[in-house]
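See below for the structure under consideration.
Protein chains: 2
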Amino acid sequence: MSRSASIKDVANHARVAVGTVSNVLNYPDRVSQRTKDRVLQAIDELGFVRNDAARQLRAGHSRTIGLIVLDVGNPFFTSVVRAAEDAAALQGSAVLLGDSGHDAGRESNYIDLFQEQRVQGLLISPVGDVTERLDQLRERGVPTVLVDRLADEAKYSSVSVDDDAGGYLAARHLLDIGRRRLAFVGGPTSIRQVADRLQGAQRAVAEVPDASLEVLDSAGQTVLAGRGAGDQLARRSAGELPDGVFCANDLLALGVMQSLTMLRTLRIPEDIALIGYDDIDFAVSAVVPLSSIRQPTEALGRTAIELLAEELESDKPTHRAVIFTPELVVRQSTAGPQAANAA
Amino acid sequence: MSRSASIKDVANHARVAVGTVSNVLNYPDRVSQRTKDRVLQAIDELGFVRNDAARQLRAGHSRTIGLIVLDVGNPFFTSVVRAAEDAAALQGSAVLLGDSGHDAGRESNYIDLFQEQRVQGLLISPVGDVTERLDQLRERGVPTVLVDRLADEAKYSSVSVDDDAGGYLAARHLLDIGRRRLAFVGGPTSIRQVADRLQGAQRAVAEVPDASLEVLDSAGQTVLAGRGAGDQLARRSAGELPDGVFCANDLLALGVMQSLTMLRTLRIPEDIALIGYDDIDFAVSAVVPLSSIRQPTEALGRTAIELLAEELESDKPTHRAVIFTPELVVRQSTAGPQAANAA
DNA sequence: CCGATTCTTTGAATCGTTTCATTGTTACGA
DNA sequence: TCGTAACAATGAAACGATTCAAAGAATCGG
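Chains as they are written, first to last, in this note's numbering: chain A, 25 to 367; chain B, 25 to 367.
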C-alpha cells in the first residue's frame with residue numbers, strides 16, 4: 025500500500041541528515057556508534073530498502089553483469105551460469121541471465137535490455153554475428169567476454185574449452201586400454217566442436233603405429249542417431265568391428281549403448297569399449313556406466329567473471345583468451361580387462 | 025571510452041528541449057514529423073541509449089519481474105521460465121531470473137536483490153518458509169504469485185499442477201489397457217508430489233473392482249533407485265508380479281526399464297506395462313519409448329505472468345489459484361496388445 | 001584553558017529521465 | 001483582421017541515492 029520509505033524518511037525518523045544515513049549504509053566506520061544505532065533502528069522500523077535505481081543513477085553504472093547463453097536447459101550452460109553467479113556474488117555483483125535459445129533476435133533483445141540497464145559488462149555465448157554490436161559496447165565502456173568461443177585476443181577476452189584436446193584424451197584412453205580399431209561417431213563435421221574432437225582423436229591415433237580410426241557420420245547428435253550407428257555396427261561381421269568407439273557426445277554414446285545392449289551380440293566394454301563426451305548426468309546411470317570427457321564448466325563460469333573484472337579494472341584494452349583442457353572420466357564402459365573381471 | 029550520451033546531449037544536438045526528446049521516445053504522436061526526424065537522427069548519431077535507472081527512478085517502479093525457481097537445470101522449470109519470459113515480453117516487461125537451488129539462503133538473497141531493484145512483482149517457487157517476507161512485500165505493493173505450489177487464495181495467487189489428477193491419469197491408463205495388478209514405485213511419501221500421485225493412482229484403482237495396487241517405496245527418485253526396484257521385481261515368481269507399473273517420475277521408470285531389459289526375463293510392455301511422470305526428453309528415446317504424464321509447463325509460466333498482471337492492475341487484493349491438469353502421453357511402454365504386435 | 005587535530009555530521013548539488021503547467025505557433029471560421 | 005481552438009515545444013521540478021566541502025564537536029598536549 026504505502027509507498028516504500030526513502031533515505032529521507034529514514035533521516036527524519038532518526039533525526040539525522042540524509043548524508044549520515046548514506047554513510048551508515050556505505051561507510052559505517054565514519055559514523056559514531058550512537059547515531060549508527062539510531063539510524064539502523066529507524067531503517068528497521070520503516071522497513072527501508074535501498075532503491076537501486078537511484079543508487080546506480082548516481083553511480084553511473086549498475087552492479088549487475090549480463091550473461092547471455094545459448095540454452096539454459098543445457099546442463100553445460102546451467103553449470104556455467106551457476107558458477108558465474110557465485111563468482112559474481114563474491115565480488116558484490118549480480119548476474120542478469122538471458123537465454124537466447126540459439127535465436128539471434130532474442131539475443132539482440134537481451135543486448136538492448138542489458139544496455140539500457142547499464143550492466144557493468146557482458147558475458148556472451150553468441151549466436152549470430154554480434155561483433156559489431158560488441159565493438160559498439162566496448163567503445164561505450166562495456167567490456168565483453170566471450171564464453172565457450174575462442175576469440176581474437178586483440179579484440180576480446182574469452183574462455184573456451186579445447187575440444188581437440190578432449191578428442192585426443194578420449195582416443196588416447198581407448199588406445200591405452202589396448203584398443204586399436206577405433207571408430208568415431210559424430211554428427212556433421214561442419215559443427216566446429218565435432219570437427220575439433222575428431223581431429224584430436226585422429227592425432228592420438230596417429231601416434232600409435234598399428235591403430236586405425238574409422239569415421240561414422242551420424243545425422244545428428246541425439247540418442248536416436250546413436251542408436252542408428254549402433255545398429256549399423258551390430259550388423260557387421262566380427263572382422264569388421266571396431267573394438268573402441270568414441271562418440272562426439274554422450275547422447276550418441278547412450279544410443280549406441282542402447283542398441284548394443286538390446287541386440288545382446290556385443291558386450292560393453294569387453295567387445296567394444298565406449299566413451300562419450302560432456303559427462304551429462306545420465307552418463308553415470310546408464311546400463312553400463314559411461315566413460316566420458318568432462319568439461320570444466322565451473323572454471324569457465326568463474327574465469328569469465330574474473331576476466332571481466334580484469335577488463336573493468338585496467339582501462340587499457342588488454343584481453344586474454346583462456347583455454348581450458350577437459351578431463352577424462354573413466355567408468356565401466358571402458359574398464360580394462362582386469363576391472364571388467366573385478367566387476 | 026566516452027561517457028554515454030544523455031537525453032540532454034540529444035536535445036542539444038537536435039536543438040530541441042529535453043522534454044521533446046522524451047516525448048519522441050514515449051509519445052511520438054505529440055511531436056511533429058519534422059522535429060521527430062531531427063531528434064531520431066540525433067539519437068542515431070550519438071548512439072543514445074535510454075538509461076533505465078533514471079527512467080525507473082522517476083517512474084517509481086521498474087519494468088522487470090522477478091522469478092525465483094528451485095533449479096534452472098530442471099527441464100520442468102526451464103520450460104516454465106521460457107514461457108514466462110515470452111509472456112512478459114509481450115506485455116513489455118523483462119524477467120530477472122534467480123535460481124535458488126533449493127537453498128533458502130540463496131532464495132533470500134534473490135528476494136533482497138529483487139526488492140532493491142523494485143521489481144513490479146515476484147513469481148516464486150519457494151524453498152523455505154517465505155510467507156513472512158512475501159506478506160511484507162505485498163504490503164509494499166509488490167504482488168507475488170506462487171509457482172508450482174498451491175496457495176491459500178485468501179493470501180496469494182498461485183499456479184500449480186494437480187498431481188492427484190496426474191496419478192489418476194497414469195493408473196487409469198494402465199487399467200484401460202487391461203492391467204489389473206498394478207504397482208507404484210516412488211520415493212518417500214513425505215514428498216507431497218509423490219504422495220499426491222500415489223493418492224490419485226489409488227483413487228483410480230478403487231474404481232475397478234478386481235484391480236489392486238501395491239506400493240514399492242524407493243529410497244529416492246533416481247535412475248539407480250528405479251533399477252533397484254526393477255531388480256526386486258525381477259526376482260519374484262511369476263504369480264507375484266504386477267502387470268502394470270507406475271513410477272513417480274521418469275528417472276525411476278527408466279531405471280526400472282534398464283533393469284528389466286538387462287535381465288531379459290520380462291518384456292515391456294507385454295509382461296509389464298510401464299509409465300513414468302514428467303515426460304522428460306529422455307522418455308521418448310528410451311530403449312522402449314516411455315509413456316508418461318506431461319505437465320503443462322508453458323501454461324504454468326504464461327498464466328503466472330497473467331495472474332501477476334491481474335494483481336498489478338486491480339489494486340483490490342483479489343487472488344486466484346489456477347490448477348492445471350496434466351496430460352497423458354502414450355508411447356510404446358504401455359502400448360496395448362494390438363499396438364505391440366504392430367511394432 | 002587554548003589551539004591544533006581528529007572525528008562526526010551536515011545538506012546542497014548531482015546523476016538522467018519523465019511529467020506537466022506554461023508558452024509559443026498555426027489554422028480556421030466569422 | 002481578430003479570436004479561438006488545436007497543436008507543438010519548452011524547461012523547471014521531481015524521483016532517491018551518493019558525494020564532498022564545510023561546519024561543528026570532541027580530544028589532547030602543553
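Glycine included, C-beta positions come from ideal geometry on N, C-alpha and C.
9 Å Cβ cut-off: residues of chain B touching A:R106: V96, G97, D123 and G125
By the criterion of Cβ-Cβ separation under 9 Å, what are the contact partners of B:L290 in chain A? In chain order: nothing, as chain A lies at least about 15 Å away.
What's the gap between the Cα of A:L275 and the Cα of A:A307? Between A:L275 and A:A307, the C-alpha separation is close to 9 Å.
Taking Cβ-Cβ distances shorter than 8 Å, what residues in chain B pair up with A:F306? Neighbours of A:F306 on chain B, chain order: V247 and F306.
Identify whether A:F72 lies in helix, strand or coil by the three-state DSSP scheme. coil
Using a Cβ-Cβ distance under 8 Å, would B:N365 count as near chain A? Note that B:N365 has pLDDT 37, beneath the 50 cutoff, so the model's placement of it is unreliable and no number is given.
Is there a Cβ of chain A sitting closer than 8 Å to that of B:C271, yes or no? no
Please state if the CB of B:S357 and the CB of B:P293 are separated by a distance shorter than 8 Å. yes
Taking 8 Å as the threshold (C-beta atoms), are A:A66 and A:H37 in contact? Yes, the Cβ-Cβ distance between A:H37 and A:A66 is below 8 Å.
Please identify, using Cβ separations under 7 Å, the residues of the stretch 306-337 of chain A that lie next to chain B, in order along the chain. F306, S309 and V311
With C-beta atoms as the reference, is B:R227 less than 8 Å away from B:G210? no
Uninterrupted beta strand (DSSP E) stretches inside the stretch 243-286 of chain B (no shorter than 3 residues): 268-271
If the cut-off is 9 Å on Cβ atoms, which residues from the stretch 61-78 of chain B count as contacting chain A, listed in chain order? G71, V73, R74, N75, D76, A77 and A78
Within this structure, are the beta carbons of B:L174 and B:S182 separated by less than 8 Å? yes
Unbroken beta strand (DSSP E) runs of length 3 or more, entirely within the stretch 93-153 of chain A: which are they? 118-123 and 145-148
Considering Cα atoms alone, identify which of B:S242, B:V269, B:G165 and B:T289 is closest to B:S315. B:V269
Do you know whose CA, among B:T246, B:E264 and B:D153, lies nearest A:S309's CA? B:T246
Would you call the stretch 338-350 of chain A in contact with the stretch 117-132 of chain A, where contact means no fewer than 3 C-beta pairs closer than 8 Å? Under the Cβ criterion (8 Å, minimum of three pairs), the stretch 338-350 of chain A does not count as touching the stretch 117-132 of chain A.
Could you list which residues in chain A have their beta carbon closer than 8 Å to that of B:S86, in chain order? At a beta-carbon threshold of 8 Å, the residues of chain A lying near B:S86 are A77, ordered along the chain.
C-alpha gap between B:E264 and B:V151, whole angstroms: 41 Å
Going by the beta-carbon positions, is the gap between B:A297 and B:L198 smaller than 8 Å? yes
Classify B:E238 as buried or exposed, calling it buried when 16 or more other Cβ atoms lie within 10 Å of its own Cβ. exposed
Under 7 Å Cβ to Cβ from B:A366, same chain only, skipping five residues before and after it: list those, please. Because the pLDDT of B:A366 is 35, which lies under 50, any placement of that residue in the model is unreliable, and the question is left without a value.
Entirely within the stretch 182-231 of chain A and at least 3 residues each: give me those beta strand (DSSP E) ranges in chain order. 205-210
Any idea which residues DSSP pairs B:I317 with across the strands? Partner(s): B:L352.
State buried or exposed for B:D153, treating a residue as buried only when at least 16 other CB atoms are found within 10 Å of its CB. exposed
Which residue marks the beginning of the beta strand (DSSP E) containing B:E238, and which one marks its end? S236 to D241
Rounding to the nearest angstrom, what Cα-Cα distance links A:R164 and A:Q144 in this structure? 11 Å
Using C-beta distances below 7 Å, list every residue in its chain close to A:P233, excluding the 5 sequence neighbours before and after it, in chain order. none
Is A:L161 near A:Q139, with beta carbons less than 8 Å apart? yes
What does the alpha-carbon distance come out to for the pair A:T349 and B:G43? 55 Å
Can you tell me where the beta strand (DSSP E) with B:A297 in it begins and where it stops? A297 to I299
From the DSSP output, in three-state form, read off B:T168 for me. strand
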